[in-house]
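For the sequence shown, the positions run 58 to 487 when my numbering is used. Beta carbons are placed, not taken as given, at the ideal position from N, Cα and C, and that holds for glycine. All values reported here derive from a predicted model rather than from experimental measurement. Structure first, commentary second.
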Amino acid sequence: MSQDLLQKITALAKRRGIIFPNSEIYGGIGGFYDYGPVGVEMKNNLKRYWWKNMVDKRENVVGIDGTIITHPKVWEASGHVQGFSDEVVECKKCHQRFRPEDIQEKCPKCGSTEFTDSRKYNMLFKTEVGVVEGEKMDAYLRGEACQTIYLDFMNVVDSTRQQIPFGIAQIGKAFRNEVTPGKLTFRSREFEQWDLQFFVHPDDMEKWFEYWKEERMKFYKELYRKQENLRFYEHPQDKLVFYAKKAFDVEYLSPWGWAENEGIHWRSDYDLTQHSKFSGKELKYTDPKTGEKYIPWIVETSGGVDRTLLMLLFDAYEEEDLGDGNIRTVLKIHPEIAAYKAAVFPLVGNKEDISKKAREVFDLLSDKHKVVWDDRGNIGKRYRYQDEIGTPYCITIDYETLENNSVTVRDRDTMEQKRVNIEDLDSILS
Ligand code: ATP
Numbered sequence: 058m059s060q061d062l063l064q065k066i067t068a069l070a071k072r073r074g075i076i077f078p079n080s081e082i083y084g085g086i087g088g089f090y091d092y093g094p095v096g097v098e099m100k101n102n103l104k105r106y107w108w109k110n111m112v113d114k115r116e117n118v119v120g121i122d123g124t125i126i127t128h129p130k131v132w133e134a135s136g137h138v139q140g141f142s143d144e145v146v147e148c149k150k151c152h153q154r155f156r157p158e159d160i161q162e163k164c165p166k167c168g169s170t171e172f173t174d175s176r177k178y179n180m181l182f183k184t185e186v187g188v189v190e191g192e193k194m195d196a197y198l199r200g201e202a203c204q205t206i207y208l209d210f211m212n213v214v215d216s217t218r219q220q221i222p223f224g225i226a227q228i229g230k231a232f233r234n235e236v237t238p239g240k241l242t243f244r245s246r247e248f249e250q251w252d253l254q255f256f257v258h259p260d261d262m263e264k265w266f267e268y269w270k271e272e273r274m275k276f277y278k279e280l281y282r283k284q285e286n287l288r289f290y291e292h293p294q295d296k297l298v299f300y301a302k303k304a305f306d307v308e309y310l311s312p313w314g315w316a317e318n319e320g321i322h323w324r325s326d327y328d329l330t331q332h333s334k335f336s337g338k339e340l341k342y343t344d345p346k347t348g349e350k351y352i353p354w355i356v357e358t359s360g361g362v363d364r365t366l367l368m369l370l371f372d373a374y375e376e377e378d379l380g381d382g383n384i385r386t387v388l389k390i391h392p393e394i395a396a397y398k399a400a401v402f403p404l405v406g407n408k409e410d411i412s413k414k415a416r417e418v419f420d421l422l423s424d425k426h427k428v429v430w431d432d433r434g435n436i437g438k439r440y441r442y443q444d445e446i447g448t449p450y451c452i453t454i455d456y457e458t459l460e461n462n463s464v465t466v467r468d469r470d471t472m473e474q475k476r477v478n479i480e481d482l483d484s485i486l487s
């Protein structure tokens, strides 16, 4: 895959309102991005898609929505205050900082070959809670979303009908002061994670780990078009944290090579034990049937929402040669993720009866489906615009519609046009 796909996607994302660099009028701020009118719809669809798959369709998973700032002790217990660090080297000539694995002998910025020794650099963002000087408390923006799940574990046990094995799911922001943010949203400093922490009896750990590993790959296979661009990366035994027996990443083949999309982690009883130690609260689960008391073990699946959306853009992007130097750019993105399911066009925007009829179609559909209106410019240009943002269908209302209630439906992927009755549009979109 060509390296310039990243440039093409970056340009398309900006041009069509998917992803904008944050604070652009001030020169931007590295590692922060906004989602535009099209991007926010895609991202919301993607989060809903995950939630449907991971929460709605499962009787043994419930969701929470935790805060970004927590008690600072959380990050001592989790090990982030001491150990959430990246290695950094600095170029002695241009003073740019890099992760050691990102330099190949020479500085990527100025070509110099002289660097400082590598040193550790903590990635947590610090802030303060409280208003009175002297009573302020240092706190952190969460470096990973999952910690709030551990904090709420007992509350969920006490407030729901769930029994182990069960999971707690969450989608939420995380913040990391990354040394080298870049590749659009792939490595950002503010991003969203989708996390499942699945609590099990230690004897069942192996079984549930394998179960979630397969489930998560299945999820990505249904989402992406190019199956051959998905694989597992198994972490080598000597690189595993002491409490893990195994770890796998779901990787996608990005323009710069295989890249992590999600991690499936064996966390044993580490997190709840740590929080129990630091808080002094017992975090044991009592089995209602056997009376056994134990700290549950955890299978974690933790992925990036922004990363997945970016990979989906790579996966969906096509340039099709229509002949005579005519290139069509199209995003063949999963219809559930597409910002709009259909675009509604009055063939001629200034003909009142056609516009009125088109409005009726828009109103009829917009109750149930996310549709978008466009009456600007010629139909060819409108098709091109919708292709670039991945809208699966374009519906055109014309003179014939006024006679027999039929409209033209044009398919994004095949460009085929069919005449259908207005009454059938709802079921086509469904
Ligand atoms: P990496 O090795 O790429 O830094 P990680 O192993 O530190 O990632 P985890 O802590 O396991 O990542 O976080 C889970 C998921 O969160 C990752 O698989 C990734 O999709 C996402 N993620 C992590 N860091 C970032 C970031 N800086 N920007 C965007 N997404 C991220």
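Residue nearest to residue i in terms of C-alpha spacing, selected from the options
i: Glu319; options: Tyr290, Asp410, Trp108 and Arg73; result: Tyr290
i: Phe419; options: Ile436, Glu376 and Val401; result: Val401
i: Arg244; options: Glu98, Leu253 and Asn234; result: Asn234
i: Gly88; options: Phe232, Lys177 and Asp444; result: Phe232
i: Trp323; options: Ile228, Trp430, Ile479 and Val356; result: Val356
i: Cys151; options: Val97, Glu144 and Lys163; result: Lys163
i: Lys71; options: Leu486, Glu460, Gly434 and Glu445; result: Glu445
i: Glu417; options: Tyr281, Pro403 and Lys389; result: Pro403
i: Lys338; options: Leu208, Gln219 and Ser487; result: Leu208
i: Thr237; options: Thr170, Ser142 and Gln220; result: Ser142
i: Asp483; options: Gly360, Leu422 and Trp108; result: Leu422
i: Arg105; options: Leu297, Ile82 and Leu280; result: Leu280
i: Gln284; options: Lys427, Phe371 and Trp108; result: Phe371
i: Asp432; options: His426, Lys425 and Lys408; result: Lys408
i: Ser412; options: Tyr268, Thr458, Leu287 and Tyr342; result: Thr458
i: Ala399; options: Gln220, Leu486 and Tyr268; result: Leu486
i: Asp326; options: Gly314, Ala316, Glu317 and Lys302; result: Lys302
i: Arg176; options: Thr330, Lys183, Val145 and Gln204; result: Val145
i: Asn478; options: Pro312, Thr184 and Val466; result: Val466
i: Trp315; options: Thr330, Arg288, Leu297 and Tyr300; result: Arg288
Residue i beta carbon near the ligand ATP (any heavy atom closer than 7 Å)
i: Asp372; result: no
i: Arg233; result: yes
i: Phe77; result: no
i: Thr358; result: no
i: Gly136; result: no
i: Gln161; result: no
i: Thr242; result: yes
i: Ser245; result: yes
i: Phe498; result: With the chain represented from 58 up to 487, any question about residue 498 goes unanswered, as that position is not in the structure.
i: Asn407; result: no
i: Gln204; result: no
i: Arg433; result: no
i: Asp295; result: no
i: Gln254; result: no
i: Phe89; result: no
i: Asp363; result: yes
Beta bridge counterpart(s) of residue i as assigned by DSSP
i: Asn179; result: Ser142
i: Tyr277; result: According to DSSP, Tyr277 bridges with nothing at all.
i: Ile384; result: Asp378
i: Gly360; result: Trp251 and Glu319
i: Ala304; result: His322
i: Pro94; result: Per DSSP, none; premise fails for Pro94.
i: Leu329; result: In DSSP, Leu329 forms no bridge with anything.
i: Ala399; result: Val428 and Tyr450
i: Leu198; result: Ile126 and Phe182
Extent of the continuous alpha helix (DSSP H) to which residue i belongs
i: Thr458; result: Tyr456 to Asn461
i: Gln443; result: Ile436 to Ile446
i: Thr205; result: Gln204 to Ser216
i: Arg72; result: Asp61 to Arg72
i: Gly393; result: Here residue 393 turns out to be Glu, not Gly, going by the sequence shown. Per DSSP, Glu393 belongs to no alpha helix (DSSP H) and is neither H nor E.
i: Leu422; result: Glu409 to Ser423
i: Lys485; result: As written in the sequence, residue 485 is Ile, which differs from the Lys given in the question. Leu482 to Leu486 is the extent of the alpha helix (DSSP H) around Ile485.
Enclosing beta strand (DSSP E) for residue i [first to last residue]
i: Trp323; result: Gly314 to Ser325
i: Gly229; result: Phe223 to Phe232
i: Tyr290; result: Leu287 to Glu291
i: Pro78; result: Ile76 to Pro78
i: Lys475; result: Gln474 to Asn478
i: Val118; result: Val118 to Gly120
- [ ] Flag this pair as touching only if the segment 149-161 and the segment 260-279 have three or more C-beta atom pairs under 8 Å; answer yes or no.
- [x] As far as the Cβ criterion goes, the segment 149-161 does not touch the segment 260-279, which means the pair count is below three.
Open item on the list: If contact is defined by three or more beta carbon pairs under 8 Å, each pair taking one atom from either stretch, is the segment 359-366 in contact with the segment 86-105?
Closed with: Yes, the segment 86-105 is in contact with the segment 359-366.
- [ ] Indicate whether the contact test is met: 3 or more Cβ pairs, each with one atom in the segment 62-71 and one in the segment 203-221, closer than 8 Å.
- [x] At 8 Å Cβ cutoff, the stretches do not touch.
Task: Stretch-stretch touch, CB-based, cutoff 8 Å, three pairs: the segment 438-450 with the segment 387-407 - done: With a cut-off of 8 Å, the segment 387-407 and the segment 438-450 count as touching, because enough Cβ pairs lie within range.
- [ ] Could you tell me whether the segment 115-124 touches the segment 372-390, using the rule of 3 or more Cβ pairs below 8 Å?
- [x] Output reads no: the segment 372-390 does not touch the segment 115-124.
Task: the segment 334-343 contacting the segment 129-138, beta-carbon criterion three pairs below 8 Å - done: Because the criterion of three Cβ pairs below 8 Å is met, the segment 334-343 and the segment 129-138 touch.
Task: the segment 219-226 in contact with the segment 156-170 per 3-pair CB rule at 8 Å - done: Counting Cβ pairs under 8 Å, fewer than three are found: no touch.
TODO: Mind the definition here: the segment 346-355 touches the segment 142-151 only if three or more C-beta pairs lie below 8 Å; say whether that holds.
DONE: Judged by Cβ distances under 8 Å, the segment 346-355 makes no contact with the segment 142-151, as fewer than three pairs qualify.
Open item on the list: For the pair the segment 124-131 and the segment 197-210, tell me if three or more CB-CB distances fall below 8 Å.
Closed with: With three or more CB-CB distances shorter than 8 Å, the segment 124-131 counts as touching the segment 197-210.
Task: contact_flag[the segment 180-191, the segment 307-318] where n(CB pairs < 8 Å) is 3 or more - done: They do not touch, by the three-pair rule.
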